[in-house]
Each structure stands twice: as C-alpha cells, then as structure tokens.
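Participant: The following block contains the structure, expressed as structure tokens.
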Amino acid sequence: MSIQLFINEPIGGLTDQTGRIWAGGGSCSFDQQLGQRGTASVTLFLHAGDTYEPTIGSPFFLYEKDDDPSSILFDDAPGNFDSTAGLFDAYGGLTPVCVFAGTIDTTDFKWHGTAGERECSVTCVSLEAA
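Residues 0 to 129, numbered by numbering that gives the first Met the number 0, are exactly what the sequence shown covers, in order.
What follows is the structure in structure tokens.
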C-alpha cells in the first residue's frame, strides 16, 4: 500500500504533495471514530530552498493505493464481469481510494539540521463526523 497526499491550495489549486511526505522520520496517520470528527497528521520534509507552506483551512485529501493488483480477488465476480475494467489508472497502478478528506487545522515548522531543511507537521480535521 502507498499513500498519496493532495492539498487544494488557494493559489495553485489541487496539488500533489506526495513527494514531500517525510519517509525518513515523519509520520502519516488518520483516524475516524463514529460520531466524531476524524483527524489526520502528516509530516512533510522541505528541502533547503523549498518555500512551500501548507495553507491553514485548505482542503486536504489522503488516498490509499494498492500497488499490487494480485492482492485483489475476483473469484466471486459474475461471469460477465471484467475484473480489470476501471480499476487501473493511467500510471499502471490501481485507482487510489480516498481514505480521508478534511481541512488543514494547524501547521508546525521545525528546522532539521543546519542545511536549511525543515519539517512541517500538518494536522487536519475531517469535513464532518462519521
């Protein structure tokens, strides 16, 4: 499984921020509890010279994508069902599924080392209670 992150910025529109998710020491998590607004947190890694700053209040979307098509079972599909129709995107992988939709609530920037790199902790709330 892989995660994709999209943020709908006021300037620039819907932007793919997946490449900024910090795989080396950050985190990416979300939860949805029945009757409560869900929360998500993602740590972004910003290289030296990268001026990107997520905008508080911007729509925020996490997608989950299964990179292994063999993990899907079609044994119970009806005989006239095309098991691959509509499941694959233009990049050859399975179509991502939105697992969290919300807005950016807070951002927290910290310097990482002395080379001008920063980490940004982004906290989000879901659009409505589940």
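Note that beta-carbon positions come from the ideal geometry of N, C-alpha and C, so glycine has one too. Keep in mind it's a predicted model, so treat the numbers as computed, not measured.
In the DSSP assignment, what are the bridge partners of E63?
Facilitator: Answer by DSSP bridge pairing, in chain order: I2, V96.
Participant: For T17, name the three-state secondary structure that DSSP assigns.
Facilitator: Three-state result, T17: helix.
Participant: What residues match up with G101 in a beta bridge as DSSP calls it?
Facilitator: G101 pairs with F59, S125.
Participant: Within its chain, find whatever has a CB closer than 6 angstroms to the CB of Q32; leave out the 5 residues flanking it on each side and keep chain order.
Facilitator: Contacts found: none.
Participant: For the putative contact between F29 and V124, defined by C-beta atoms under 8 angstroms, what is the C-beta separation to the nearest angstrom?
Facilitator: At roughly 11 angstroms, the Cβ-Cβ gap does not stay under 8 angstroms, so F29 and V124 are not in contact.
Participant: Alpha carbon to alpha carbon, how far is F5 from F108? Give it in angstroms, no decimals.
Facilitator: Near 19 angstroms, if we compare the C-alpha coordinates of F5 and F108.
Participant: Exposed or buried, what is L61 when buried is set at 16 or more other beta-carbons lying within 10 Å of its beta-carbon?
Facilitator: With 16 or more other Cβ atoms within 10 Å, it is buried.
Participant: Looking only at its own chain, which residues have a Cβ that is under 7 angstroms from the Cβ of V96, when we skip the five neighbours before and after it?
Facilitator: Excluding sequence neighbours, V96 sits near Y62, E63.
Participant: Work out the CA separation of T122 and D104 for me, nearest whole Å.
Facilitator: If you take the alpha carbons of D104 and T122, they lie about 6 angstroms apart.
Participant: Do you know offhand how far G112's Cα is from G48's?
Facilitator: Their backbone Cα atoms lie some 14 angstroms apart in a straight line.
Participant: Answer with buried or exposed for T83, where buried requires no fewer than 16 other C-beta atoms within 10 angstroms of its C-beta.
Facilitator: For T83, the predicted model reports a pLDDT of 44, less than 50, meaning its position is unreliable; a value from the coordinates is still stated below. Exposed: under 16 other Cβ atoms inside 10 Å.
Participant: Please report how far the alpha carbon of I71 lies from the alpha carbon of G115, in whole angstroms.
Facilitator: Caution applies to I71, whose pLDDT of 48 falls short of 50 and renders its modelled position unreliable; the value that the coordinates give is listed next. Cα to Cα, I71 sits roughly 43 angstroms from G115.
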